[in-house]
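Engineer: Per this note's numbering, residue 1224 is the first one in the sequence shown, and the count goes up by one each step.
Even glycine gets a Cβ: it sits at the ideal position worked out from N, Cα and C.
The structure displayed is predicted, hence computed values, not measured ones.
Supplied in structure tokens, the structure appears directly below.
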Amino acid sequence: MEEGNIDRDRIVDGHLVDDDFFCPVCQCLLWKPCACSKCRHLFCRKCLYTWLENPNSGRRCPFRCEPFEEQDCS
């Protein structure tokens, strides 16, 4: 779990929270979310940029969109 992220188990009735509010990388509640402009999946900013810094990622989002372009979530 990344710093600041909240596990589903720590949320009262967490099973009722839609999966779209959880990062597909760390499986925690989204923390400082950002999105891929191509697939529009949401990620924790830190998770996504840690993923993209990995040389094996090919600078693609975890859902293999190429090349990754960030979409503003604010």
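Less than 8 Å separating the beta-carbons of C1257 and C1284?
Structural biologist: Position 34 of the sequence shown, counting from 1, holds the residue named residue 1257. Position 61 of the sequence shown, counting from 1, holds the residue named residue 1284. No. Outside cutoff.
Engineer: Is it buried or exposed, F1291, if we count other Cβ atoms within 10 angstroms and call 16 or more buried?
Structural biologist: In the sequence shown, residue 1291 corresponds to position 68, counting from 1. Buried is the call here.
Engineer: Specify the secondary structure class of C1259 as computed by DSSP and reduced to three states.
Structural biologist: On the sequence shown, residue 1259 is found 36 positions in, with the first residue counted as 1. Three-state DSSP puts C1259 in a strand.
Engineer: Can you tell me which of the three DSSP states F1291 falls into?
Structural biologist: For the purposes of this step, residue 1291 is taken as the residue at position 68 of the sequence shown. If DSSP states are grouped into helix, strand and coil, F1291 belongs with coil.
Engineer: Which partner residues of F1245 appear in the DSSP bridge assignment?
Structural biologist: Counted from its first residue, the sequence shown places residue 1245 at position 22. Note: F1245 sits in a beta bridge opposite L1252.
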